[in-house]
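Once you know that position 45 of the sequence shown is 858 in the numbering used here, the rest is easy, because the numbers rise by one and skip nothing. Where a beta carbon is used, it is the ideal one built from N, C-alpha and C, also for glycine. From a predicted model like this one, the values you see are computed outputs, not experimental measurements. Contents: one structure, followed by commentary.
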Amino acid sequence: MTAVCDLCPHACRLRKDETGFCRARTNVGGVIRPTNYGRLTALALDPIEKKPLHHFYPGS
């Protein structure tokens, strides 16, 4: 059973348990599923001083 992924312009035709060119989607039982579902994909640590909290507690 093949399914067509419409996530990107490649429009991959995926057979059962096959992953697309972009490696972002997989055919699982005829349904296109994301490969990164439930996984951390990005992380950014910024100091709190960078956030717009300057006037949250003035003088603290």
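- Excluding its 5 nearest sequence neighbours in each direction, Cys821 has C-beta neighbours in its own chain below 7 Å: Cys835, listed in chain order.
- In the DSSP assignment, Asn840 falls within the unbroken beta strand (DSSP E) covering Arg838 to Val841.
- Beta-bridge analysis with DSSP links Arg826 to Val817.
- For Arg846, the enclosing beta strand (DSSP E) begins and ends at Val844 to Pro847.
- Ile845 is positioned such that its CB atom lies no closer than 8 Å to that of Arg852.
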